[in-house]
Every structure is written in structure tokens, then in C-alpha cells.
Amino acid sequence: MSDLKTINTGTAIRDGLAEVAKRDQNVLFFAEGVADPSSMFGTLKDLGDVIGPERLIEMPVAENGLCGVAIGTAMMGKRPVISFQRVEFALLAIEQFIDNAAKMHYISNGHHTAPIVLRVVIGRGWGQGPEHSQSLEPLFAHIPGLKVAMPTYPADAKGMVVAAVEDDNPVVLIEHRWCHYVQGQVPDGYYSGSLDGPKMLRSGKDVTIVATSYPVLEAMRAAEALANIGVEAEVFDLRVLRPLNLDDIFDSIRKTGSLITVDTGFRILGMGSEIIAQVTESCFGALQRAPLRIGMPDHPTPSSRGMLPGLYPDSVRIVNESCAMLGVSEDRRAAAEKELIEARGDLPLDVPDPHFRGPF
Amino acid sequence: MSDLKTINTGTAIRDGLAEVAKRDQNVLFFAEGVADPSSMFGTLKDLGDVIGPERLIEMPVAENGLCGVAIGTAMMGKRPVISFQRVEFALLAIEQFIDNAAKMHYISNGHHTAPIVLRVVIGRGWGQGPEHSQSLEPLFAHIPGLKVAMPTYPADAKGMVVAAVEDDNPVVLIEHRWCHYVQGQVPDGYYSGSLDGPKMLRSGKDVTIVATSYPVLEAMRAAEALANIGVEAEVFDLRVLRPLNLDDIFDSIRKTGSLITVDTGFRILGMGSEIIAQVTESCFGALQRAPLRIGMPDHPTPSSRGMLPGLYPDSVRIVNESCAMLGVSEDRRAAAEKELIEARGDLPLDVPDPHFRGPF
Amino acid sequence: MSELRDNARLLHLYKRVLWIRMVEEAIADRYGGPGQVQEMRCPVHLSIGQEASAVGVCEALEVTDKAFSTHRCHAHYLAKGGGIKPMLAEIFGKASGCIGGRGGSMHLAAPEVGMVASVPIVSSSIPLAVGSALADAIDGKDAVSVAFIGDAAIEEGIFHESANFAQLRKLNVIFVCENNLYSVYTPLHERQPDRPLTDVARAHGMLAEHVDGNDVEAVLDCTQRLVRRARQGEGPSFLLLDTYRWREHCGPNFDNDIGYRTEEEFLEWKALDPVEKIRTQLKSEGALDEGDEAALVAELNEAIDEGFEYARNEPLPVPEAARTFVYA
Amino acid sequence: MSELRDNARLLHLYKRVLWIRMVEEAIADRYGGPGQVQEMRCPVHLSIGQEASAVGVCEALEVTDKAFSTHRCHAHYLAKGGGIKPMLAEIFGKASGCIGGRGGSMHLAAPEVGMVASVPIVSSSIPLAVGSALADAIDGKDAVSVAFIGDAAIEEGIFHESANFAQLRKLNVIFVCENNLYSVYTPLHERQPDRPLTDVARAHGMLAEHVDGNDVEAVLDCTQRLVRRARQGEGPSFLLLDTYRWREHCGPNFDNDIGYRTEEEFLEWKALDPVEKIRTQLKSEGALDEGDEAALVAELNEAIDEGFEYARNEPLPVPEAARTFVYA
Ligand SMILES: Cc1ncc(C[n+]2csc(CCOP(=O)(O)OP(=O)(O)O)c2C)c(N)n1
Ligand SMILES: Cc1ncc(C[n+]2csc(CCOP(=O)(O)OP(=O)(O)O)c2C)c(N)n1
Ligand SMILES: [Mg+2]
Ligand SMILES: [Mg+2]
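Chains as they are written, first to last, in the numbering used here: chain X, -8 to 351; chain D, -8 to 351; chain G, 178 to 505; chain H, 178 to 505.
Spelled out as C-alpha cells, the structure:
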């Protein structure tokens, strides 16, 4: 077994990319500022030193064209990894992903593949404003032919990013900027993870909580607080949004009978909607009470911190909704809420909660 | 009350556009081929004769730019109507719709509005192939700030298109090419419809069927066949996908306890997912059995008619699923299926069913 | 070059353009209309009138060079060496179609001869060609990638994004723009300001050439120069070819009567018929007599009939095929 | 024009550029860093070094003319006449911000003075300016719409799509491209081939002018000509302005030490300081003495302090405000 070191998700992603690029010289990196001092929040740091500069493709600010170019290289056997600082920039290239990348294998009757990784980052905090803070995972997760994943913790993220690059299909990796800061123990060197389903992070018998990305941290935090008042939540990191494999979650529902989903993006038409639909179709008899979705409210995300209270799904909300769902007494609920609020203290809402830095 | 005439949905849309453009000189029409011999499948036919040529804006083949231009005119008080022959072409402009149109009112603190109508057509049949047959309504219905509607029948379509143009928000109208052929009685002259919820088309006590666009016709056909075997389906045309108002559907579920949704687009992360999630959240106690989604399967739509059997949701599938859900006896189910199959005869699958032409 | 070799080259080019013309005419003839048996059940965008640009360009390419096309891909597919049987089978929606019946006429591909892909979203295949050239550049190969586009494609921003990058990296791409004066029913002057179309390439510092698209030899000569340049590392280029689509935008018929263009305009362009042009030249040089012509036509007709016979008799794909190749 | 009037004009321009410089410097000074009190809690893309292009262009416009900007919008907002209080309140995230705290620094707008909108997605506001001009054309108004863009914006296809349409319809748009040589940390030559940037306009048959962006009078003179042309129905134009961003791409600091550009390069451009340039000129012509300068600085500082005081004391929006103006 390789050594473990404590690093954050951003670094773990960088290490995974470096490892896979060392092994396969077909791996290319496309980005605006691919080798610049920021190097995509450090996630591409010093890759040129590892694999040489030729395979780092500096993108002009032309997302649609350059994603098409990357797809063209993929058809020819390359494994391009495109990184965008924000998911919004990828919107300009969505036609290329929906028509050319997602359908390349299908329309060529199996002749071509488009092994491309599209990394997009969800912005949050520091007054980003409505056009730098969207998540929009359903726009990708709706499209057959794409794979879509959202990494949270560093060790998992490293394995996922390697698996994504090695996958013969186009994979969209949606990374939450605040997840980049999450620390954990990560094996050194090369290893590949899986892109085939959710991970149970905590077992419990009372309620199943399924979350993606940064909200996974909120859900885990909520589960701790719930545990302190005697409620046992079973928490899943959904990880892979497409293809969506909910078998473990069905099993969990058969145990808990209760389901809460927590989306990173908008609640309406979010992953929670799909999960609830599938759970209701497949485990109707096991559901003991109405399931519930938590997610971003149905409006753009404003810049000012004045409008943030109550906006992002957080551990307090998850605790409160869990208690309401399970009929937990008001004093127990209040105790759990109090614990969370006190732990956060007077930290502003527009910076990451250090509680979520780990190391986990 | 104005006179009624029997016309099809395509003509009704054209008439609605002509009426609203006559009343408001701020209405503009943008299209590739805005006044050409095809005039957007006839839906813009002779508009130049009605309002003069100046307000018909021929678009270069530059969807992103021209949608942005249209949004710019809308900020200045115009009411542009953009029409695309296929929803796929609008993908190139989705950044403009998500960032500029949908958020214009919000980001300007209420100062600007973007009263723009984006008409996109879903292709089907005659070997369209995977890039001319997508539906993709969730890509728009996920976005707060947009309104999204899918008209089916002519009288309703005319009212909806007028309401869309008169709405102060950006409205995406997703029209199924095969719905254009549907005939019905349509009031002459100007009238405005609503963009505020589904319509119950048929009342019944056994199962609630909610469909959008062309599948509404399949659902209605299925309901007839079901009625012949003693099953009473309550059928809704969803009409408005955003903002989504499901109150009437909740009421229906409280009556039938059973729900089937039929999507025009992909089943996964489709409208059916959202409907089932909301129904389960809101009417959990009323649901008597697991709900079910029907929709496009999880792969691109191939060109060849050889691959069509069983692909599109149709009345036969709706009948069979309804019978399975309600535990209808096999001989009754078989009778209903037989009726439908015989009525269709040996008509190829790649042309519209004349049964669905109406007049309704 | 000796006159003999010149004529041999011309005869070869003649066979290529005639082949495309005859295949396309056969599709038009047999496509059928309402009330008739219709076996080619997909939209068809015929290349009749535009054969010389396809042939002139592709004859300058090796099989290892790559071509990417659009909705109007028949001529490019055939000129690059795609076979008639998989092509017609595709248009007939058959399992043995070049892409298994998945795409139909607008998606023709024959990767084994370098006809990599056709994409029916305007301009959407342009960056694929540039990406192909980038892959070759990284691998140190001197293959050339050609992006066939129409005159409307340069209105799409992605053309410019691709051209900027191709020139920045001096990639082996040739953007071949067939200007047939229309996008569907809309004439060029309603879509673009009045300036030489080649200026769009110059915006990116790219060499642009402008050649008569109905003169197959001129197209070939120019493309050969551009290919040579590219292989020598001198970068991409833009080749503008004037030509004309004889039939309707989509479908088998003529449509000079419906109002967007005139019979006169059509006749003017028909007088420049790229096929007739070579035929006349060959005849006047005594390199093609009536007998040669008849034999050639008979030979091509036989191949065409065989192709249709094949396409007609091949089985449709089974419904389950629709669920394959979704993921690799 | 008499020397007196010339000096009056220059003095006016000086006040405008100095105003912007001082506001931006004040933001930089007070922005704070880790461990400090930070009240401006949003990304800021400062315009320091680029003031002359904003002022030169906007001084050629009427209040009824319209401007559209990008992430780097402070100078354009102020030059077009936007007030400091709503601007700072916006950056402070306050309810009385120019857009209620909804967007922050990258979205500044003051529609009442024709600063219609700033959009932080590169090039995304370009077609809005063209649409504004189209609306005016339809209404028979002679107002001019200006799209302020950076040098990276011409890499986006939507620039070309917009330019093609503007020229096709001869709309009253001026595309003002401030070439500060960088997109974030990436220099121009890594993103675009070597050719005059003005060639991108010529691709669309559009008039292009190239002016020293640090020379406010040259910018003003040229813009006045372009505005006049537009109002006379002669169509759109492209104005390329060379300039330089002094501080980091986003944030209050200098960053010549982090490796993507050199201190030397910065100093070369700093020597061309647009503010200093006019100041020197005014002084040399005797139109500005130490006393005038001090009085002016004091006056502007007072307005700035007042602005900060206001922004600091204004209330944050209430959480419920987040749910308003979603639909009209
Ligand atoms: C992005 C996009 N917009 C619109 C269309 C509809 N469309 C199909 S072919 C065509 C005409 C394109 O004209 P041109 O590029 O000149 O090619 P031609 O048909 O003349 O060969 C158009 C507009 C499309 N397929 N894709
Ligand atoms: C479509 C898009 N791609 C990328 C970005 C990230 N980004 C923000 S500012 C910027 C630099 C733009 O450079 P330029 O247009 O020259 O303006 P400058 O910052 O130099 O004023 C980039 C790439 C973005 N906001 N939008
Ligand atoms: Mg054309
Ligand atoms: Mg710049």
C-alpha cells in the first residue's frame, strides 16, 4: 500500500492528473491559463514540469471552438482534459458536448470514441454574483453519452479524476471551489477510482441523506449533530450523476424508509428530483414518509452577503428538516441546531466554513 | 364570441403571432429564413404582409450572437420572437439565455426586463437522426427567470403564443413539429391565453396521466382505449414547465392515487422526475401505488426506422403501463392494445399518425 | 507535364466528378415523393452542381489526410473514397449503412479512407478538423485535415474561434468554403456585409485563396499548393470556392419556381456545369469520344444500380441496435 | 479651437481621468487583505492605467448614447456618468448599490446615464450593444451604442457574429477594444496569431481605427469622428486602443513579481501614464498649477470619502430581497 499524505482535494486532483498524464502520453490539458501562476486554482500546478510543455494547450478565450478542438483530438486518440474556472464558461460549448462529444460513439456506430474530460468549477462566496456561482449539473446529467461526476473528498477525487481520464467516454467533472480546500489522507502515486456509483459515508437507520459535492460536507456535519440527539442518519455522497446507479440508495431506503436529498444546484429539476422519482418508482412500499429535497432556491444567486442567510443548503437546514420529517421533539432539534450555530460562530457566510476543511 | 375556424397548431401559432404583432409594434421576429418560402414551417407565413418587412429580422447563421442581439432589443423595449427550426440550434445560444435573458430583471434590480420569446422546434420522423430530434426541455426548465411552455392543441397554442409575447419575461416555447399538424377549432382574431398551469383534458378516477406536447395526443388516445375497457384515466396537458404549478395535479392524485407521466424528452431528469418528486413530497399519503415515468430512453435517437419500434412513448405503452399499474386483467389489456394497433394499421413509424391530426 | 499525362489526369477527374453527379442524380430520381414508394426515408442535401470542389480538394489529399463535412456531405464522402454501398445503405436506413443507419444522409462517414465525420449542425465539425490537425501536430505527423464548410458557416463564431487557433498553432488545416450563394433560401447578401469572403481568414492572418469552384483542375492545383504548404509547416489556409447548388436545399427537386432565386440565375450557373466543363475539354482534346463516354456511363450506372440493389435488400437494424454504442 | 478652449477641454478631461484613477486607487487602498477588515467582499477588476480610453470614448457620447461593459467596468461606469455612491454601495454589497447588491463590482450599471449593463462573461455583452443599436435603428433614433471589450473578447466567436450583423445592418455600434495585452495572465501572442488586431473588424468590412489608448484626446477625437459617422448612417466601427492594466487582473495588488510579466514592461507602460500625460501637458501650458491640482485632488478626495462613508453606513439588503425580481 502506498504512503498516505494529508492534502486537499484541489491538490489531490492535481496529483491524479499528473499521475495519469505520466502514464499515458495521449493525455493533453486544455485551459485558459493552463500553465499560468494560478494554474486553475492550483489543480494544474507544475504539470509542465511533469510531462513537458507540449501537452499543455493554452486556450484562447473561445470555449466553443476549443472544446470542439479538444473533441477532435479525442477522436484521434488523445485524452484531452479541459478545465474551466467556472461552469458558466462551458455553457458556450454545450452544443459541442451534447452533439459531438456525447454522441460521437453512437453516431459513428462504435467507430469513434471521445475520451474527453471536462472539468468545471462551481463558484461560491466572496460576492461572486449570479454568473459565477451556478452549478447546473442537470444540464449535463440529462444527456445520454456523457458521464457526470462531482468529487468531494480528496482521496476519492484523485481516484475519480484518474478514472475519468482513463474512461473512453466524455466525462464532466463538476468541482465545487470550496471542496478544493477539503483536506484528507490521500494515497501517494497512481491509483484509479471508480465512476460507478454513490458511496455510503455514514451508516444509520433513521433517515437516508443523499447529497452531492459541498453539501455532502453539510450533510455529514448535520449527521454528527443529529447523532448527538439520537437520530441516526445514513449519508451518501452521490459522486456519479450519470450513469446514475441508485441500488445502494434503494437498499438504504428499505432500511430507513426516509429520504432527504441535498442538491448543490437548483432544487427544481435537480438530482434530488431524479432520485426521489426513482426511489418512489422502485421502493414505494419501503417509503414510510414523504421524501424531501433540499437545494438552491428558485432564483439566481446574488452577490451581497446580505442576501445569503438561508440561501445555501446547510447543516442547520438539514438538521431541521430531518427533525421535522422524523417528528423529533422540539427541544432535541433546538439542541442540535444550537450546537451547529455555535460551532460556526460569527464567521461570515461568504467564506468556507473551516470546520469543513478537515482533514477528514 | 369570435368565429371559430378549423386550423392546425402551426397555423394557429402563426395567427397568434400575427395578432399580437399587429397590436404591439414593438414585436419583432428573428429567424434564419424569417420570410423565406418555408417561413418556419408556415408558422411565420406572410407576417411581412401583416406588419411590414422592417420588423422581420433575417438572422445570419449565428445563433449565439443573434439571440444576444434580440435580448439587447428586448432591454430597449422591443418584444423579439426568435424562431429556430430545431432546438439544437438554440444550444449555441444557451449562455445568452441563461445568463443574460433569464437574469436580466434580477441582476438589474428590476430595472431591465427581457421580454423575449424563444421558439424552438422538436424534430421527429423521416430519419432526422440524433442531432435533429432532441427535445431537451429540462435544460430550459431548470433555469429560474425563464418561463417554459410546450403547446399541443391549436386553440391553446394560439393563446399561449400571444401570452408569451405579452409576457415581460423571457419565454421558451418548445413546439413539437408533429403538433404543428394537429387540427382543431380556433377562435378568430386576437385573444391571449395563460402561461400559468396545466390543463385537465379528460377527467377520470383511476389514474392520472400527465404529459407534455405530442405525448399528450398519445395519452388521450390511450385514455380512449382504456375507457373502452373500463379504466378511467384523468389526462393533463402540462403546458407550462416553468414556473411549474402542479396544484391541479395534486388534486387529481388525491382522487386517483395513481400517476403516470409521459415526457417528450428523455425520461431521466425529465419533467416526469420533477412531477413525481413534487407529488411524492406533497401528496405522499394520497399515492396508492408507485408512480411511473414514461419518456425517451437513455440514448440518442437514431435515424433508421428499423430502430424506432418501442422507442417513442406511445398510446400502446401508456395503455400497457396503466394496466400493469392498476392490475387490469390480461384480456382487457390485450383488447385495448389490439384496438390501438389495428387503428394504426401498417402506417410506418416515421410519419405522424393521422389519427392525431384531428380536428380535435 | 505532357499533354498525355494532362489528359490522363483530366480523364481521372472527369470520372470522379461524373461518378458523384450520377450517384446524386440517381438518388434524386429514386427518392420519390408523396404517394410514391419512398425507401430513402431521411432528409437529403444533394451536392449536384458542387462536385468539382469536392473532387478537386480530395484529389489533392492522401488517404491518411482527413476530411470533415456538413449536412451536405455526399460529394465529400464519395470524393474522399467512401463506397457507394455503405452510403446508400445508410440513406436507406439499413444496418450495413456506413454508420449503421444511425445518422442517415447528413452524417456520412468513412473513417477508413479519412472521411472522418459529417456533422449537420452548421460549423460544428470545423473545430473537429482543427483538433485532428492538433493531434497530428503533437504526434509529428504531416497529415492534413480539411474542414468542408458552406458560405453560412463563416457566420458562426466557431469558425473564427477555430481559425484563430489553427493559425496561432500553424496547424495543418485547410478550411474549404464552398460558396453556393445561399443558406437554405437566404442569399448571401442578406446574411453578410459586402466584402470579399476571404477577408474572414485574413482576420486571423491566414492565407486565403479564391478559386472557381466549378473548375476542378484549378481547385486541385490550388489545394495541392495549400497541402504542400501545410506539410512544410507553413500553416493553415482558407480556400474559397464559388459554386452553385442546382436543386433544392434539402430534397430531390428543383425549386427555382418558389421565389427565392430565379431560373435565370440557375441557368447561368448551369452553363458553368463542372461536369460538362471537363467533358467538353476532354472531347475537344480528343481524349474522350462518344464510345468512351457511353462505356464510362454504363460502368458507373452498373455500380450505382448495384449499390441501390444492395441498399434495398439489406436488412434494417433491429430495434435493440438503438441501445448499443451509447457508452464505449 | 482656441488654445483657451483647448485647455478647458483638457482640464475637463483631466478631471475625468483623475477622478477614475483616484476612485480606483481608493478601492485598492481600502480593499484589505487576509487578516484585515474587508468590507468590499466581491472580486474587483480595477481599471487603473486604462482610464483614458474610458474617458476619451464616453466624452464623445451623449447621455442618450449607451454603453455596455465587462467584468472590468469601473472606469466605463464612472466615465459614462455613474455615481460613486451607488457604485461603492454595490461593491460593499449594500441594498442601495446600483443594482441592489445583486452583482457586485463586475456588474455595474447606471441605466439612467446610459451605462446599460456590465456582463462578466467575456464578450457576452457585445450582442446586447448591437441589439440596442438595432432597436434604435428600428425606431429611427440616432443614438450610438458602445460595446467596451478587452483584447480577449475578439477571440470569442460571438464578437464576430455581432460584428457581422452590425455591419450588415449598418447599425450605430462602436466596438471599443482596450488591448491591455493580457487575458488574466496570458499574453496576447499566446492567444492570437500575429496580425493587426484591427483585421478582425476588416473581416466584416467594418471600419477600424487604432489609437493610443493612453492619449485621452486622441481617443476622444477619434471617437467623435466615429460617433458622427454612425449618426450619419455610415455604420459601425471598431476602435482599438492600446493600454495597460497596472495591477493584478482581479484584486487590489501589483503582481509584476509572479512571473507572467516583468517589472520592466510595467514601468514602460507606467511611463505612459494617461493621467500624468495630461497633467504634464496642462502644467506645461500653464493651465494647471500646484494649487489647482491640490484643490482638485482635495475636492475629489472629499467626494470619494463621502462615497465610502455612504457605502459603509448603508444597510445590507435583507435576505428576502434575494427572492425579488426573479420574474417581472
Ligand atoms: C447551427 C445551425 N443552425 C442552423 C441550421 C439549419 N441549417 C441547416 S443547413 C443550413 C444552411 C447552411 O448553409 P451553408 O453553410 O451555406 O451550406 P449549404 O447548405 O449551402 O451547402 C442551415 C441554416 C443548422 N443545421 N445548424
Ligand atoms: C466566457 C468566459 N471565459 C472566461 C472567463 C474568465 N475571464 C474573466 S476575465 C478574463 C480575461 C479577459 O481578458 P480581456 O478581454 O482582455 O479583458 P481584461 O481583463 O484584460 O480587461 C477571463 C478569461 C469569463 N469570464 N468568461
Ligand atoms: Mg451555402
Ligand atoms: Mg486584456
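Glycine included, each C-beta is placed from N, C-alpha and C at the ideal position. Every value quoted in this text rests on a predicted model; they were computed, and no experiment measured them.
C-alpha gap between residue i and residue j, whole angstroms
i                     : j                     : result
residue 324 (chain H) : residue 4 (chain D)   : 36 Å
residue 318 (chain H) : residue 303 (chain G) : 39 Å
residue 158 (chain D) : residue 19 (chain D)  : 14 Å
residue 78 (chain D)  : residue 114 (chain D) : 8 Å
residue 294 (chain G) : residue 406 (chain G) : 24 Å
residue 389 (chain H) : residue 253 (chain G) : 48 Å
residue 416 (chain H) : residue 400 (chain H) : 8 Å
residue 489 (chain G) : residue 495 (chain G) : 16 Å
residue 437 (chain H) : residue 28 (chain X)  : 7 Å
residue 244 (chain D) : residue 281 (chain D) : 12 Å
residue 285 (chain G) : residue 52 (chain X)  : 31 Å
residue 55 (chain D)  : residue 91 (chain X)  : 18 Å
residue 107 (chain D) : residue 196 (chain H) : 38 Å
residue 46 (chain X)  : residue 350 (chain X) : 33 Å
residue 230 (chain H) : residue 336 (chain H) : 20 Å
Close beta carbons around residue i, own chain, < 6 Å, minus the five adjacent residues each side
i                     : result
residue 414 (chain H) : 351, 384 and 403
residue 398 (chain X) : Only positions -8 to 351 of chain X appear in this structure, which leaves residue 398 (chain X) out of reach.
Residue i, buried or exposed, once every other Cβ within 10 Å from all chains shown has been counted against 16
i                     : result
residue -3 (chain D)  : exposed
residue 325 (chain D) : exposed
residue 44 (chain D)  : exposed
residue 230 (chain D) : buried
residue 178 (chain G) : Note that residue 178 (chain G) scores 47 on pLDDT, short of 50, meaning its location in the model is unreliable and no value can be drawn from it.
residue 320 (chain D) : exposed
residue 240 (chain H) : exposed
residue 447 (chain H) : exposed
residue 462 (chain H) : exposed
residue 224 (chain G) : buried
Contact set for residue i: own chain, Cβ-Cβ below 8 Å, skip 5 residues either direction
i                     : result
residue 443 (chain G) : 421, 423, 431 and 433
residue 41 (chain D)  : 9, 12 and 13
residue 271 (chain D) : 278 and 282
Any non-hydrogen atom of ligand 3 closer than 8 Å to residue i Cβ
i                     : result
residue 422 (chain G) : yes
residue 355 (chain G) : yes
Near ligand 2: residue i beta-carbon under 8 Å from a heavy atom
i                     : result
residue 298 (chain H) : yes
residue 405 (chain G) : no
residue 234 (chain H) : no
residue 52 (chain X)  : yes
residue 313 (chain X) : no
residue 337 (chain G) : no
residue 10 (chain D)  : no
Residue i beta carbon near ligand 1 (any heavy atom closer than 8 Å)
i                     : result
residue 381 (chain H) : no
residue 459 (chain G) : no
Same chain, Cβ closer than 7 Å to residue i, neighbours up to 5 away in sequence not counted
i                     : result
residue 69 (chain X)  : 17 and 19
residue 317 (chain X) : 197, 198, 222 and 249
residue 217 (chain X) : 224, 310, 313 and 327
residue 61 (chain D)  : 21, 71, 73 and 107
For review: beta carbons within less than 6 Å of any heavy atom in ligand 4: H:327, H:328, H:329, H:357, H:359 and H:360
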